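Structure, as structure tokens:
There are 2 protein chains.
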Amino acid sequence: MAFAVTVDLVMLTVRQDALCALLVRRAIPPYESAWALPGGFVREDEDLTDAAVRELSEETGIQREAAHLEQLATYGTPARDPRARVVTVAYLALLPAAPTPKAGTDAAEAEWCRVADLPALAFDHARILEDGIERARAKLEYSPLATAFCPPQFTIAELRAVYEAVWSATLDPRNFHRKATTTPGFVVPTGRSTTGDRGRPAQLFTKGPATVLHPPLLRATPPTT
Amino acid sequence: MAFAVTVDLVMLTVRQDALCALLVRRAIPPYESAWALPGGFVREDEDLTDAAVRELSEETGIQREAAHLEQLATYGTPARDPRARVVTVAYLALLPAAPTPKAGTDAAEAEWCRVADLPALAFDHARILEDGIERARAKLEYSPLATAFCPPQFTIAELRAVYEAVWSATLDPRNFHRKATTTPGFVVPTGRSTTGDRGRPAQLFTKGPATVLHPPLLRATPPTT
DNA sequence: CTAATAGTGTCTGTAAGACAGTATCCA
DNA sequence: TGGATACTGTCTTACAGACACTATTAG
């Protein structure tokens with residue numbers, strides 16, 4: 001039994017305090033002119049991750065090191081593509097400050113779209129995107145991954161804005177500051193500060209060496225009934 | 001480009017206070033007579049999850065409802081199978097009290113093997129198994145999944161034994177009891193008790209409705225330096 | 001000066017770790 | 001009665017949530 005294997009990307013970033021996903025408009029059938037996730041076929045002798053990296057740079061020109069990239073899940077329902085039996089390996093990419101998208105070869109148009117206001121998507125891409133968003137939301141709790149949405153140097157307020165955008169929540173600035181700066185390995189002070197803004201200059205930080213947050217930074221405190 | 005797609009299973013259970021994985025001995029080349037994860041090719045018009053369920057029951061005769069089954073990750077390095085380009089979708093299955101394995105059609109022999117003492121495995125199965133074990137260990141922290149290792153009715157001590165086996169750690173019985181019984185939705189008392197054991201009878205519990213543990217049951221308290 | 005943002009300090013409730021003590025079975 | 005296991009209670013410490021205050025810039 002022969003399958004076609006594709007790689008699809010859930011690319012997320014934070015623009016204007018809103019979580020956004022990159023969508024492309026399909027130029028060819030099926031689902032011609034519909035919005036879809038960027039992606040493409042895996043080449044012979046190409047590793048899955050390499051294919052994802054290739055798609056990432058084709059879509060945004062971004063380097064692999066500048067973004068966080070991880071495998072999300074694989075989708076292979078028999079009828080998901082009308083042309084043939086296609087199994088797609090979805091990857092999740094978290095990007096800092098969004099560069100203007102430039103259309104790739106397969107895509108007529110590419111655009112950052114707020115996840116709160118998504119159009120209908122081709123194939124089962126709505127489901128895949130949903131899974132990617134939920135993965136990102138969950139990972140902010142127990143991993144320092146929020147820094148992947150930030151530029152190389154960032155302030156605590158910028159980091160907090162990422163959490164607020166991804167979770168659609170408001171966080172207490174004082175408590176967040178304490179949490180972010182005291183959690184070992186989360187952020188590293190650079191000694192430098194911002195300047196030119198309206199208020200007191202803010203310290204600039206870099207992504208720390210930690211791979212997990214201990215203790216985690218939990219979302220909604222559920223009613224402890 | 002045509003790929004073959006297989007499904008491989010990381011099946012875990014707890015036997016005699018040790019975390020064990022099901023391994024099969026390969027009957028055909030490549031890697032003939034080597035240990036490997038149970039798995040097989042995905043059939044035409046078969047969903048990936050259906051293929052995993054099929055393999056699960058072929059190997060152990062276990063019903064889908066009696067176990068926890070979730071997608072783990074997908075592995076598709078070009079040279080991972082010498083025969084052809086094979087992409088494998090790995091699934092993680094957590095099973096209660098281990099039934100004696102019976103060999104399937106592809107497998108000459110099947111055996112539960114302690115994960116602390118694994119043999120060399122065919123293909124990249126060692127890596128897949130490692131990823132599965134780590135996933136299970138991590139999920140016990142923030143999900144009520146430990147109950148998947150238990151029979152339908154279980155005591156708090158049995159549940160604690162699962163944690164201790166999977167984490168290779170010792171937990172305080174009193175504190176664990178408090179944590180397990182007060183975390184909302186983790187376990188539900190049945191009113192019934194064990195009998196015939198050496199000490200005081202223990203209350204029997206059932207898996208609760210919660211899908212996440214709030215707050216989580218964290219592993220190793222890292223040195224809060 | 002005022003407005004605005006950054007950062008620090010304090011109080012309080014909750015929950016985890018440590019550990020003592022009580023309850024209920026079997027032999 | 002003794003041993004073994006199940007369960008409950010208390011104390012201490014750590015940390016999250018709430019909120020008041022000080023610090024440093026631009027205009």
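These protein sequence lines map, in sequence, to chains Y and W. In terms of the UniProt record's numbering, the first sequence opens at residue 1 and continues consecutively. In terms of the UniProt record's numbering, the second sequence opens at residue 1 and continues consecutively. The beta-carbon is built from N, C-alpha and C at its ideal position, and this holds for glycine as well. Remember, predicted model here, so these are calculated numbers, not experimental data.
Here the alpha carbons of Ala-79(Y) and Pro-96(Y) stand approximately 35 Å from one another. Non-local C-beta neighbours of Thr-195(W) in its own chain, meaning closer than 8 Å and more than five positions away in sequence, comprise Pro-201, ordered along the chain. Look at the beta carbons and you see the segment 111 to 130 of chain W not touching the segment 73 to 92 of chain Y: under three pairs across the two are nearer than 8 Å.
For His-68(Y), the uninterrupted beta strand (DSSP E) segment begins and ends at 68 to 75. Under the Cβ criterion of 8 Å, Thr-183(W) is not counted among the residues facing chain Y.
The alpha-carbon of Thr-74(Y) is positioned some 17 Å away from that of Gly-39(W). Of all residues in the segment 131 to 162 of chain Y, only Tyr-142 place a beta-carbon less than 8 Å from a beta-carbon of chain W. By a beta-carbon distance limit of 8 Å, Phe-186(W) does not contact Phe-154(W). Their separation comes to about 12 Å. Distance from Ala-146(Y) to Val-162(Y) at the Cβ level is roughly 5 Å; contact confirmed, criterion being Cβ atoms closer than 8 Å. With fewer than 16 other Cβ atoms from the protein chains shown falling within 10 Å of its own Cβ, Asp-45(Y) counts as exposed. A direct Cα-Cα distance of roughly 27 Å separates Pro-30(Y) from Thr-6(W). Around the beta carbon of Arg-198(W), a 10 Å sphere encloses fewer than 16 other beta carbons of the protein chains shown; the residue is thus reported as exposed. Between Leu-140(W) and Val-166(W), the beta carbon gap of about 6 Å places them in contact (Cβ cut-off 8 Å).
Its chain contains Val-7, Leu-9, Leu-69 and Tyr-91 as the residues whose beta carbon lies nearer than 7 Å to that of Ala-52(W), once the 5 sequence neighbours on both sides are disregarded; these appear in chain order.
Ala-2(Y) reaches chain W at Ala-2, Phe-3 and Ala-4, counting residues in chain order whose Cβ is nearer than 8 Å. One finds Met-1 in chain W with Cβ atoms closer than 8 Å to the Cβ of Arg-43(Y), taken in chain order. Counting only Cβ-Cβ distances below 8 Å, Gly-76(Y) has contacts in chain W at Val-5, Val-42, Asp-47, Leu-48 and Val-89, in chain order. Chain-order list of chain W residues neighbouring Pro-189(Y): empty, with the shortest C-beta distance near 17 Å, by a criterion of under 8 Å.
DSSP, read as helix, strand or coil, puts Thr-60(Y) in helix. Counting along the chain, no alpha helix (DSSP H) covers Ala-21(W); the unbroken beta strand (DSSP E) around it starts and ends at 18 to 26.
With fewer than 16 other beta carbons inside 10 angstroms of its own, Thr-190(Y) counts as exposed.
Considering only beta carbons, the part of the segment 197 to 220 of chain Y lying closer than 8 Å to chain W consists of His-214, Pro-215, Pro-216 and Leu-218, in chain order. Within the segment 61 to 74 of chain Y, the residues whose Cβ lies closer than 8 Å to any Cβ of chain W are, in chain order, Gln-71, Ala-73 and Thr-74.
Under the three-state reduction of DSSP, Leu-129(Y) is assigned to helix.
Taking Cys-150(Y) as the centre and dropping the five residues before and after it, the same chain places the C-beta of Pro-96, Glu-158, Leu-159 and Val-162 closer than 7 Å to its C-beta, in chain order. The beta-carbon of Arg-85(Y) is placed less than 8 Å from the nearest beta-carbon of chain W.
Rounded to the nearest whole angstrom, the C-alpha separation of Ser-143(W) and Val-212(W) is 4 Å. For Leu-159(Y), the enclosing alpha helix (DSSP H) begins and ends at 156 to 167.
Residue nearest to Ala-36(W) within the set Gly-208(W), Leu-22(W) and Phe-3(W) is Leu-22(W) (criterion: CA-CA distance).
In its chain, beyond the 5 residues on either side, Arg-25 and Arg-26 have a beta carbon closer than 7 Å to the beta carbon of Ser-33(W). Counting other Cβ atoms within 10 Å of its Cβ, Met-11(Y) reaches 16 or more and is therefore classed as buried. Where Phe-176(W) is concerned, the enclosing alpha helix (DSSP H) starts and stops at 173 to 182. In the DSSP assignment, Val-87(W) falls within the unbroken beta strand (DSSP E) covering 86 to 94. A distance of 8 Å or more separates the beta carbons of Ala-66(Y) and Leu-94(Y).
In the three-state scheme derived from DSSP, where H, G and I count as helix and E and B as strand, Ala-79(W) is classed as coil.
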